[in-house]
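Visitor:
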């Protein structure tokens, strides 16, 4: 088993009002020096089969058709961890 992560972010040219709200709030909370914040989504998929290029392509297709709105969002797919046992702790 493996854990595959799909990160989805708004494209750089798309305004991110939630990220802007966080960026404006940070100085009021004492966090200085942050010039930009972009907010996104993270999906963790635990895959039962071996993760090869064919499996990653299936997950990319899943991201293109279901997890991301590719008109306004970009996504990345990566293998984060190999899980040795079915009951392995996170």
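In my numbering, the protein residues as written are -12 to 77.
Just so you know, even glycine gets a beta-carbon here, dropped at the ideal spot from N, CA and C.
For residue 62, which option in 41, 29, 34 has the closest C-alpha, if you only look at C-alpha atoms?
Guide: The shortest Cα separation from residue 62 among 41, 29, 34 belongs to 29.
Visitor: Could you give the residue range of the beta strand (DSSP E) that holds residue 29?
Guide: Residue 29 -> beta strand (DSSP E) spans 27 to 34.
Visitor: How should residue -9 be labelled, buried or exposed, when 16 other C-beta atoms within 10 angstroms of its C-beta is the threshold for buried?
Guide: Classification of residue -9: buried, given that the 10 Å Cβ count is 16 or more.
Visitor: Who are the Cβ neighbours of residue 38 in its own chain at under 7 Å, not counting the five residues just before and after it?
Guide: Once the five neighbours on either side are set aside, the close Cβ partners of residue 38 are -11, -9, 66.
Visitor: On the criterion of 16 or more Cβ atoms from any shown chain inside 10 Å, does residue 54 qualify as buried, or is it exposed?
Guide: By the neighbour-count rule (16 or more Cβ atoms within 10 Å), residue 54 is buried.
Visitor: How big is the Cα-Cα spacing for residue 20 and residue -2?
Guide: Near 23 Å, if we compare the C-alpha coordinates of residue -2 and residue 20.
Visitor: Does the Cβ-Cβ distance between residue 51 and residue 42 come in under 7 Å?
Guide: Contact: no.
Visitor: Taking the straight line between their C-alpha atoms, what separation do you get for residue 9 and residue -6?
Guide: When rounded, the distance between both Cα atoms is 19 Å.
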